[in-house]
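Below: the structure, in structure tokens.
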Amino acid sequence: MGEQKFTRKIACIGAGYVGGPTMTVIANFCPDYQVTVLDISQEKIDRWNSDDLPIYEPGLKERVLKARGQNLFFSTDIDRGIQEADIIFVTVNTPTKNFGEGAGKAVDLQYIEQTARRIKENSKSDKIVVEKSTIPVRAAETLNNILHSGNNSIRFEILSNPEFMAEGTGIHDMENPDRVLIGSMNTPSGQEARDELIKIYERWVPREKLITTNLWSSELSKLVSNAFLAQRISSINSISGLCEVTDADVDEVALAVGKDTRIGPKFLRAGLGFGGSCFRKDILNLIYLCEHFGLQPIGDFWQQVIAINDFQMQRFVQRILKAMFNTVVGKKIALFGFAFKPDTGDTRDAPAIHVSKMLLKEKARLCITDPHALSNAQKDLEEEEGDITFETDPYKAAEGAHAIALMTEWSQYQTLDYRRIFDSMEKPAFLFDGRNHLDHQALFDLGFNVYAIGKPDRTQFDQGSQ
Ligand code: NAD
Ligand code: UGA
1 MGEQKFTRKI ACIGAGYVGG PTMTVIANFC PDYQVTVLDI SQEKIDRWNS
51 DDLPIYEPGL KERVLKARGQ NLFFSTDIDR GIQEADIIFV TVNTPTKNFG
101 EGAGKAVDLQ YIEQTARRIK ENSKSDKIVV EKSTIPVRAA ETLNNILHSG
151 NNSIRFEILS NPEFMAEGTG IHDMENPDRV LIGSMNTPSG QEARDELIKI
201 YERWVPREKL ITTNLWSSEL SKLVSNAFLA QRISSINSIS GLCEVTDADV
251 DEVALAVGKD TRIGPKFLRA GLGFGGSCFR KDILNLIYLC EHFGLQPIGD
301 FWQQVIAIND FQMQRFVQRI LKAMFNTVVG KKIALFGFAF KPDTGDTRDA
351 PAIHVSKMLL KEKARLCITD PHALSNAQKD LEEEEGDITF ETDPYKAAEG
401 AHAIALMTEW SQYQTLDYRR IFDSMEKPAF LFDGRNHLDH QALFDLGFNV
451 YAIGKPDRTQ FDQGSQ
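Taking this note's numbering, the leading residue of the sequence shown gets 1, the next gets one more, and so forth.
Rendered as structure tokens:
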């Protein structure tokens with residue numbers, strides 16, 4: 001770690017999608033702070049220290065290269081990192097618990113607890129501990145109890161500073177956030193710690209975007225933000241089902257509805273449903289909290305957001321089956337995209353995983369292509385039985401296919417030569433656009449039978465009757 005004199009030392013525990021990029025941005029804007037990102041995974045840390053970073057995020061690599069070895073360090077020496085730090089960010093994963101009490105809903109807090117214990121064991125001076133991982137409301141209380149247990153004279157001040165960045169636009173979101181939220185205890189030492197964090201963010205975030213609240217409001221606001229975003233997606237997706245049977249067009253409906261400034265146009269893109277590591281997990285967490293506090297109807301309300309998301313993927317597969325004469329046995333289906341959204345290699349809870357599994361159950365042959373997510377796709381499907389191939393070249397993926405199903409709206413899929421693709425496919429050629437990303441009229445004119453989310457079918461079969 002650096003020999004230079006730094007005004008402050010930051011450690012971050014958890015070198016994942018959040019820890020790596022957030023600390024890189026802080027290191028870039030605060031050259032006088034030493035920032036050390038720590039992880040238990042040697043492989044991950046080795047990759048952060050190499051040219052082959054463990055995550056793909058536009059703009060990340062050049063920013064890492066600018067600061068790495070200067071004031072940004074990646075290390076597995078967690079104990080030393082803790083000892084040296086004045087401020088410790090916690091960005092470990094908080095997945096849904098898959099065992100015991102609350103399985104399938106509650107958050108698995110074991111990594112948070114392990115981290116808290118390690119901080120306590122290795123601290124020889126007072127520290128500010130910043131929760132950046134998404135955790136249940138009042139988790140700071142648990143953290144506080146662990147950190148201050150026993151007869152330790154060291155004081156820890158806990159802050160909540162949830163992360164709102166979205167993958168694929170992570171660097172942009174962190175450099176230009178809508179807001180930065182900091183929750184603290186309403187005590188003089190709590191406010192002093194909060195001001196330390198404000199000093200970091202105000203290097204690049206306008207003061208009016210720095211929101212300060214109490215700890216519990218901050219923790220809860222993160223869950224609520226994700227729940228509201230996911231709710232909008234399920235709302236428009238629920239309407240897409242109705243559009244498909246009424247000849248309304250969901251994009252036109254979304255445009256008309258979103259023009260109302262009280263509603264707004266964002267997050268109204270109908271599609272296959274939301275994926276990613278957080279929406280499902282955080283809503284499940286919210287549901288669990290509601291049930292825990294005896295608020296079952298509120299939990300039921302949020303459960304419906306997930307139910308509609310699952311239904312959306314089922315409906316997509318049912319539409320494929322119905323269109324392809326009620327059977328896909330032995331038919332080659334090319335999946336265009338596998339990442340849960342474009343500009344990331346992340347496939348956690350990607351709709352493509354669920355759709356692939358359903359299609360494999362129907363005995364389709366799958367050929368999956370994606371510019372950045374093929375290795376993750378391979379891992380996600382390694383336990384599945386059936387005929388699956390992985391192909392980097394979308395033209396080859398589509399060769400001899402009966403259908404293309406677009407799963408992720410990678411921009412490069414808009415500029416492919418669909419005449420060439422059509423010519424290489426089995427006929428009739430089907431195209432199912434799960435993200436309403438392609439030019440449906442042009443594809444139809446080429447001879448495809450086109451099915452898009454929340455839009456009437458465009459088939460060659462009934463042209464005479466249209
Ligand atoms: P991740 O799985 O990519 O990274 C977590 C890292 O923590 C892993 O590298 C893991 O090895 C490490 N880790 C686990 N236990 C550890 C321990 N005891 N000591 C040291 N390292 C340990 O997860 P992520 O996507 O970065 O998410 C982290 C948190 O941030 C979650 O709570 C998530 O809900 C939240 N969040 C994620 C995003 C996102 O876009 N991914 C956005 C906002 C908030
Ligand atoms: C989301 C939130 O947007 C972030 O603010 C939050 O910090 C993060 O979760 C988190 O807590 O992890 P992310 O999951 O990275 O970010 O990506 P989004 O852009 O929100 O997309 C999530 C999913 O919703 C994707 O599968 C996307 O395709 C889908 N989506 C999004 C739609 O189907 N329609 C839309 O209009 C928008």
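All residues carry an ideal CB built from backbone N, CA and C; glycine is no exception. From a predicted model like this one, the values you see are computed outputs, not experimental measurements.
In three-state DSSP terms, what is Leu431?
-> Within the sequence shown, residue 431 is the residue found at index 431, counting from 1. Note: Leu431 maps to strand in three-state DSSP.
Work out the CA separation of Gln318 and Tyr33 for me, nearest whole Å.
-> The residue labelled residue 33 in the question sits at position 33 within the sequence shown. The residue labelled residue 318 in the question sits at position 318 within the sequence shown. So the two alpha carbons sit approximately 54 Å from each other.
For Asp79, which residues from the same chain have a beta carbon less than 6 Å from its beta carbon, with the 5 sequence-adjacent residues on both sides left out?
-> Working through the sequence shown from its first residue, we reach residue 79 at position 79. Closer than 6 Å at the Cβ level, and outside the excluded window around Asp79, lie Asn122.
How about Ile146 and Ala193: do their beta carbons lie closer than 7 Å?
-> For the purposes of this step, residue 146 is identified with residue 146 of the sequence shown, where counting begins at 1. For the purposes of this step, residue 193 is identified with residue 193 of the sequence shown, where counting begins at 1. Cβ distance not < 7 Å, so Ile146 and Ala193 don't count as in contact.
Do Ser218 and Gly183 have their C-beta atoms within less than 7 Å of each other?
-> In the sequence shown, the residue the question calls residue 218 occupies position 218. In the sequence shown, the residue the question calls residue 183 occupies position 183. Yes, the pair counts as a contact, with Cβ atoms nearer than the cut-off.
Using only the heavy atoms of the ligand UGA, determine whether one of them is closer than 6 Å to the beta carbon of Ile233.
-> As a position in the sequence shown, residue 233 is number 233, starting the count at 1. Correct: Ile233 has its Cβ closer than 6 Å to the ligand UGA.
Who are the Cβ neighbours of Phe74 in its own chain at under 7 Å, not counting the five residues just before and after it?
-> One-based indexing of the sequence shown puts residue 74 at position 74. Closer than 7 Å at the Cβ level, and outside the excluded window around Phe74, lie Ala15, Val37, Ile45, Trp48 and Asn49.
State buried or exposed for Phe325, treating a residue as buried only when at least 16 other CB atoms are found within 10 Å of its CB.
-> Walking along the sequence shown from the start, residue 325 turns up at place 325. Here Phe325 is exposed: its Cβ has fewer than 16 other Cβ atoms, across all protein chains shown, within 10 Å.
Going by the C-beta, is Ile158 closer than 6 Å to any heavy atom of the ligand NAD?
-> Along the sequence shown, read from residue 1 onward, the residue named residue 158 stands at position 158. In terms of side-chain proximity, the C-beta atom of Ile158 is found no nearer than 6 Å to any non-hydrogen atom of the ligand NAD.
So what does Cys12 bridge to, in DSSP terms?
-> Taking the first residue of the sequence shown as 1, we reach residue 12 at position 12. DSSP links Cys12 through a beta bridge to Val37 and Phe89.
Environment of Ala398 [buried if 16+ CB atoms lie within 10 Å] | On the sequence shown, position 398 is the one that residue 398 refers to. It counts as buried.
In angstroms with no decimal places, state the Cα-to-Cα distance between Ala248 and Pro456.
-> Residue numbering aside, residue 248 sits at position 248 when the sequence shown is read from its first letter. Residue numbering aside, residue 456 sits at position 456 when the sequence shown is read from its first letter. Distance between the alpha carbons of Ala248 and Pro456: 7 Å.
Since Ala227 is in the alpha helix (DSSP H), which residue starts that stretch and which ends it?
-> Start at 1 with the first residue of the sequence shown, and residue 227 comes out as number 227. Element bounds for Ala227: Leu215 to Thr246.
Would you check if there are 3 or more beta carbon pairs closer than 8 Å linking the stretch 390-408 to the stretch 351-370?
-> yes
Could you give the residue range of the beta strand (DSSP E) that holds Gly183?
-> Translated into the one-based positions of the sequence shown, residue 183 becomes position 183. Residues Val180 to Ser184.
Alpha carbon of Asn309 to alpha carbon of Gly273, nearest angstrom = On the sequence shown, residue 309 is found 309 positions in, with the first residue counted as 1. On the sequence shown, residue 273 is found 273 positions in, with the first residue counted as 1. Distance between the alpha carbons of Asn309 and Gly273: 5 Å.
Which residue's Cα is closest to the Cα of Gly81: Val64, Asp108 and Lys120?
-> One-based indexing of the sequence shown puts residue 81 at position 81. Of the listed residues, the one whose Cα sits closest to Gly81 is Lys120.
Cys367 bridges to which residues according to DSSP?
-> Numbered from 1 along the sequence shown, position 367 holds the residue referred to as residue 367. For Cys367, the pairing in a beta bridge is given by DSSP as Ala334 and Thr389.
Three-state class that DSSP yields for Arg68 in the structure shown | Walking along the sequence shown from the start, residue 68 turns up at place 68. Note: Arg68 maps to strand in three-state DSSP.
Distance cut-off 6 Å: Phe274 Cβ against heavy atoms of the ligand UGA = Along the sequence shown, one-based indexing puts residue 274 at 274. Yes, the ligand UGA has a heavy atom inside 6 Å of this Cβ.
Of all the options Asp417, Gly275, Phe29 and Pro394, which has the alpha carbon lying nearest to the alpha carbon of Lys66?
-> The count along the sequence shown starts at 1 and reaches residue 66 at position 66. Among Asp417, Gly275, Phe29 and Pro394, the Cα nearest to that of Lys66 belongs to Phe29.
Under the assumption that Val250 contacts Ser240 (Cβ atoms under 8 Å), give the Cβ distance between them as a whole number of angstroms.
-> The sequence position of residue 250 within the sequence shown is 250, counting from 1. The sequence position of residue 240 within the sequence shown is 240, counting from 1. The pair is a contact, with the Cβ atoms about 4 Å apart (cut-off 8 Å).
In the DSSP assignment, find the alpha helix (DSSP H) that holds Glu291 and state where it starts and stops.
-> Position 291 of the sequence shown, counted from the first residue, corresponds to residue 291. From DSSP, the alpha helix (DSSP H) with Glu291 extends over Phe279 to His292.
Is it right to say Arg293 is buried, meaning 16 or more other beta carbons lie within 10 angstroms of its own, or is it exposed?
-> Residue 293 sits at position 293 when you count from the first residue of the sequence shown. One point to set straight first is that residue 293 is Phe, not Arg, in the sequence displayed. It counts as exposed.
C-beta contact flag for Phe432 and Tyr451 at 7 Å | Taking the first residue of the sequence shown as position 1, residue 432 is located at position 432. Taking the first residue of the sequence shown as position 1, residue 451 is located at position 451. For Phe432 and Tyr451, yes; Cβs fall inside 7 Å.
To which residues of the same chain is Arg63 closer than 6 Å at the C-beta, ignoring the five residues directly before and after it?
-> If you number the sequence shown from 1, residue 63 lands on position 63. Cβ neighbours of Arg63 beyond the five flanking positions: Thr24 and Asn28.
Thinking Asn161 and Leu197 are a contact (beta carbons under 8 Å), I'd like their distance in whole angstroms, please.
-> Position 161 of the sequence shown, counting from 1, holds the residue named residue 161. Position 197 of the sequence shown, counting from 1, holds the residue named residue 197. With a Cβ gap of about 6 Å, Asn161 and Leu197 count as contacting.
Simplified DSSP state of Ala106, which is helix, strand or coil | Indexing the sequence shown from 1 puts residue 106 at position 106. Three-state result, Ala106: coil.
Taking just the CA atoms, how far does Arg232 sit from Gly264?
-> Position 264 of the sequence shown, counted from the first residue, corresponds to residue 264. Position 232 of the sequence shown, counted from the first residue, corresponds to residue 232. Each residue's Cα considered, the two are about 11 Å apart.
For Val130 and Thr327, the rounded distance between their alpha carbons | Counting from 1 along the sequence shown, the entry for residue 327 is found at position 327. Counting from 1 along the sequence shown, the entry for residue 130 is found at position 130. The alpha-carbon atoms of Thr327 and Val130 are separated by roughly 53 Å.
Cβ-based burial, Glu385 [other Cβ within 10 Å; buried from 16] | Along the sequence shown, one-based indexing puts residue 385 at 385. Exposed.
Simplified DSSP state of Arg458, which is helix, strand or coil | Position 458 of the sequence shown, counted from the start, is the residue given in the question as residue 458. Correct three-state label for Arg458: strand.
Backbone CA spacing between Ile171 and Phe164 [nearest angstrom] | By one-based count along the sequence shown, residue 171 stands at place 171. By one-based count along the sequence shown, residue 164 stands at place 164. One C-alpha to the other measures close to 11 Å.
Rounded C-alpha distance that separates Ile26 from Asp86 | Translated into positions along the sequence shown, residue 26 becomes position 26. Translated into positions along the sequence shown, residue 86 becomes position 86. Their Cα atoms are separated by approximately 15 Å.
Candidates Ile10, Gly454 and Gln114, of which the one nearest Thr246 by Cα = Position 246 of the sequence shown, counted from the first residue, corresponds to residue 246. Selected option, being the one with the closest Cα: Gly454.
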